[in-house]
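Student: Under our numbering, read the sequence shown as residues 399 to 733, first letter to last. No residue lacks a Cβ here, since even glycine has one placed at the ideal position from N, Cα and C. Okay, handing you the structure first.
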Amino acid sequence: MKHTDAETRAVNEAARTAQTPPQKSGWTQAPERSNMLALRFICFMALVCGRHITRLLLPPISLYFLLFAPSPRRQIKRYLFRAIGPHAGWIDGYRLLHAFSSTVLDRVYFLRGRMDLFKLTIEGNVPLETEAAEGRGAFLLGAHVGSFEVMGACKHRTQQQSLRLAMLMYPDNAQRITAILNHIAVPEMRPHVIALGRPNSMLALRDWLDDGGLGGMLADRTLPGSEDQPSHHRGNNIVLPFLGQPASFNDGPFRLAALLRRKVFFMAGLYGGGARYDVRFDPLADFAEPAVDAADRERRIRAAVEAYVARLEALCRAYPYNWFNFHDFWLEDAA
């Protein structure tokens with residue numbers, strides 16, 4: 399797809415805006431709690447002892463974080479109260495942390511290509527395969543729900559073997575675990591990452607999409623440096639009702655999709671307990687046709703954000719132990 403000089407300048411401006419360094423501590427600068435020795439031990443156990451034995455380590459690990467991580471525990475409690483009601487208690491917090499640790503462990507096996515260990519169901523993949531087969535890139539917008547690595551299983555379980563997915567992310571607050579998992583991954587399963595906050599990140603994404611690749615983003619965290627701005631529209635952050643409370647969502651991914659004229663799909667790799675994962679793709683927005691004017695573009699972008707939030711809220715209520723966002727999502731600590 400050819401781009402005009404105006405489009406290129408717009409992408410550069412989007413890149414400059416989206417890559418503004420964090421102005422204060424937040425989720426992008428949250429200290430990583432991972433211990434390198436412990437991570438290596440878990441990976442060693444996973445590869446040598448197998449999944450069933452290694453899973454025996456998950457209950458004490460989950461209990462440890464439930465007892466000795468007060469800030470994440472506070473955020474988990476707030477979220478569960480809204481997702482399942484005021485009756486949510488310690489057991490629910492433990493179940494969420496156990497599900498989270500299970501998906502982290504399973505990342506080892508997904509990156510090793512061990513799909514035989516899991517029971518996978520895939521829904522809604524046909525429209526996405528059509529885009530890839532015809533050489534058109536698309537955006538996949540997900541959330542910190544379930545497992546992202548299970549998305550790599552799709553090219554092994556679907557008819558389309560050439561799905562190429564790049565993850566657009568902030569990698570700096572998870573360097574240890576990312577380095578270890580990339581080291582153990584087999585080459586064909588190692589995810590391609592386009593790191594935010596780097597020069598030419600958005601231009602690299604544009605080239606990737608133009609080559610028929612898919613760009614995956616987790617859109618349930620606002621960009622840093624905007625949380626302390628007042629009003630109902632904080633820069634590129636839109637405040638919408640989420641689980642009964644106003645929350646801020648960034649519209650940057652949707653603006654990029656509109657600028658690059660791409661289709662947007664909602665993605666989720668839901669953990670169902672044990673060895674079960676449910677991978678879902680759902681058409682979210684189609685920006686292939688250019689907007690009539692600026693007002694039409696803004697209307698379509700906002701409609702896409704609202705559709706995304708509605709799908710995320712439905713998943714959080716249906717699968718409350720799958721949302722792994724352990725920071726001050728509703729900005730209650732700041733208040």
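1. Throw me the rounded Cβ distance for the A541 and L654 pair, which I believe falls under 8 Å.
2. Counting beta carbon pairs with one atom in the segment 594-613 and one in the segment 653-672, are three or more of them shorter than 8 Å?
3. From L649 to G483, what distance separates their C-alpha atoms?
4. Span of the beta strand (DSSP E) holding E521?
5. The beta strand (DSSP E) that contains L455, what's its start and end?
6. If M567 and L607 are in contact, beta carbons under 8 Å, what's the gap, nearest whole angstrom?
7. What's the C-alpha gap between I636 and F647?
8. With the cut-off set at 7 Å, would you say Y719 and R512 are in Cβ contact?
9. Quick check on the DSSP output: the beta strand (DSSP E) that includes V591 runs from which residue to which?
10. Would you grab the beta carbon distance between V543 and A564 for me? Rounded to a whole angstrom, and I think it's under 8 Å.
11. Given a threshold of 16 other Cβ atoms within 10 Å of its Cβ, counted over all protein chains shown, does H496 qualify as buried or as exposed?
12. Nearest-angstrom Cα distance between G633 and F685?
13. Run through DSSP, which three-state label would Y719 get?
14. Just the C-alpha distance for D609 and F664, rounded to the nearest angstrom, thanks.
15. What is the DSSP secondary structure of L563, counted as helix, strand or coil?
16. Starting from G614 and walking both ways along the beta strand (DSSP E), at which residues does that stretch end?
17. Could you check where the beta strand (DSSP E) with Y669 kicks off and where it finishes?
18. On the criterion of 16 or more Cβ atoms from any shown chain inside 10 Å, does T692 qualify as buried, or is it exposed?
Tutor: Reading off the structure:
1. For the purposes of this step, residue 541 is taken as residue 143 along the sequence shown, with counting starting at 1. For the purposes of this step, residue 654 is taken as residue 256 along the sequence shown, with counting starting at 1. Not a contact, Cβ separation roughly 17 Å.
2. yes
3. To locate residue 649, count along the sequence shown from 1; it is residue 251. To locate residue 483, count along the sequence shown from 1; it is residue 85. Reading off the sequence shown, one finds Asp at residue 649, where the question assumed Leu. D649 and G483: Cα-Cα distance of roughly 29 Å.
4. To locate residue 521, count along the sequence shown from 1; it is residue 123. Segment K517 to E521, the beta strand (DSSP E) holding E521.
5. Position 57 of the sequence shown, counted from the start, is the residue given in the question as residue 455. Taken as a continuous stretch (DSSP letters only), L455 belongs to no beta strand (DSSP E), as it is neither H nor E.
6. Counting from one through the sequence shown, the residue named residue 567 turns up at place 169. Counting from one through the sequence shown, the residue named residue 607 turns up at place 209. The pair is not a contact, with the Cβ atoms about 16 Å apart (cut-off 8 Å).
7. Here the question's residue 636 lines up with position 238 in the sequence shown. Here the question's residue 647 lines up with position 249 in the sequence shown. In this structure, the CA atom of I636 is about 5 Å from the CA atom of F647.
8. Translated into positions along the sequence shown, residue 719 becomes position 321. Translated into positions along the sequence shown, residue 512 becomes position 114. No, Cβ-Cβ distance for Y719 and R512 is not below 7 Å.
9. If you number the sequence shown from 1, residue 591 lands on position 193. Here the beta strand (DSSP E) through V591 covers H590 to A593.
10. Locating residue 543 in the sequence shown gives position 145, counting from the first residue. Locating residue 564 in the sequence shown gives position 166, counting from the first residue. That belief does not hold up - the Cβ atoms of V543 and A564 are roughly 19 Å apart, past 8 Å.
11. Counting from one through the sequence shown, the residue named residue 496 turns up at place 98. Buried is the call here.
12. Position 235 of the sequence shown, counted from the start, is the residue given in the question as residue 633. Position 287 of the sequence shown, counted from the start, is the residue given in the question as residue 685. Caution applies to G633, whose pLDDT of 43 falls short of 50 and renders its modelled position unreliable; the model cannot decide the point.
13. If you number the sequence shown from 1, residue 719 lands on position 321. Reduced to three states, the DSSP call for Y719 is helix.
14. Reading the sequence shown from its first residue, position 211 is the one you call residue 609. Reading the sequence shown from its first residue, position 266 is the one you call residue 664. C-alpha separation (whole angstroms): 21 Å.
15. Taking the first residue of the sequence shown as 1, we reach residue 563 at position 165. If DSSP states are grouped into helix, strand and coil, L563 belongs with the strands.
16. Residue mapping note: residue 614 aligns to position 216 of the sequence shown, counting from 1. Element bounds for G614: L612 to L616.
17. For the purposes of this step, residue 669 is taken as residue 271 along the sequence shown, with counting starting at 1. Where Y669 is concerned, the enclosing beta strand (DSSP E) stretches over K661 to Y669.
18. Working through the sequence shown from its first residue, we reach residue 692 at position 294. The amino acid at residue 692 is misidentified as Thr; the sequence shows Ala. Result: exposed.
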